[in-house]
Every structure is written in C-alpha cells, then in structure tokens.
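Colleague: If you're matching positions, the sequence shown starts at 8 in our numbering and goes up one per residue.
Below is the structure I would like to discuss, written out as structure tokens.
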Amino acid sequence: MFDTYDDVTAKLQSMRNAISDELNPLLEAQEAGTLDAKGEKRLKNDEIRISNYDGIQESMDNTIAKIADCPALIQLYTKNFEANKDSEEWLARAANRLDSKDCTSDPMYAKIVEQLHSLKPSARSAYFLGILAYNKGD
C-alpha cells in the first residue's frame, strides 16, 4: 500500500509540475495584458486541475496518516527489509517515511539508513545518518 501511495504521489507531483510549466507563460501573458480568451480559459482550467490534484494528495495524506504509525511501519519494514535491501528506491521511501513519522529511534531505522547510505551515499542518506548520531548523543 505504501509503495502505491508513493507512486501515486510521485505521479501527482509530476502532473502538477507539467501543468505549472504550462501555466508560467499564461501567467506572464496575463500580467502583460496579452492573454486572449482561449488563454484565460486554459489558465482557469489548469488552476482547477492543480487544485484537484492538491485535493487528491491531501485526501491520500490524511488516509495514510491514520494507518502509518511507528509500530505499523516498523513491522512492515522489518518484514520486507530482506527482500528490498538492494532497492535504493524502497530504502529511501522507507527512510523518508520513518523520518517523517519520527520513528528514528527504532533499530530498523538505523538498519535501513545504513543500508541506503552503503548502496548510494547522498546528502539525504547522510542526513539520515546524522539523525542516528544525534539520537545516540554523538
């Protein structure tokens, strides 16, 4: 379920970005006073689409927040770690979700972020390691 949530969230963001790219010239034309009726209609429709995507995202966030507490996440990631320990995407999503839910004191968080950093060191994985160090008092 969480992977589907992440996939849909990424798709919604991609769609919002594409619409934003379309909106920029329309907004510039509107500010310059050169936007015609067709452009006005497109601008209005694009703004409605973005608002709809935001509503979908908010609804999904509210739904996932109800079921994604630390014990449930830790249980899920513990069960699926071995099968996904070589998947950078899975590890990054797990680390991000645990971080956003403040589940960073569990040993599973440490296992996930250390594996993520060993697969592909990045600023984000180093940030997660910093959280581990902070939690340990280092």
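All C-beta atoms, glycine included, are put in the ideal place defined by N, C-alpha and C.
Starting from A44 and walking both ways along the alpha helix (DSSP H), at which residues does that stretch end?
Modeller: Its alpha helix (DSSP H) spans residues 44 to 74.
Colleague: Quick one: what does DSSP say G137 is sitting in, helix, strand or coil?
Modeller: G137: helix per DSSP, three-state reduction.
Colleague: Please look up how many angstroms separate the CB atoms of G46 and L30, rounded, as I've assumed it's under 8 angstroms.
Modeller: The pair is not a contact, with the Cβ atoms about 11 angstroms apart (cut-off 8 angstroms).
Colleague: Expressed to the nearest angstrom, what Euclidean distance is found between the alpha-carbon atoms of R100 and D13?
Modeller: About 8 angstroms.
Colleague: Please tell me whether L123 and E95 are closer than 8 angstroms, where the distance is taken between their beta carbons.
Modeller: Against a cut-off of 8 angstroms, the Cβ pair of E95 and L123 comes out as a contact.
Colleague: Taking just the CA atoms, how far does G40 sit from A102?
Modeller: So the alpha carbons of these two residues sit roughly 47 angstroms apart.
Colleague: Confirm, please, whether the CB-CB distance from I57 to L19 is below 8 angstroms.
Modeller: No, they are not a contact pair.
Colleague: If you draw a straight line from the alpha carbon of L133 to that of Q37, how long is it in whole angstroms?
Modeller: It should be noted that the sequence gives Ala, not Leu, for residue 133. Taking the straight line joining both Cα atoms gives about 44 angstroms.
Colleague: To the nearest angstrom, report how far apart Y116 and A72 are at their CA atoms.
Modeller: Y116 and A72: Cα-Cα distance of roughly 18 angstroms.
Colleague: Cutting at 6 angstroms between CB atoms, please list the residues of its own chain near N91, excluding the five before and the five after it.
Modeller: For N91, where only same-chain residues beyond five positions count, the Cβ hits under 6 angstroms are W97.
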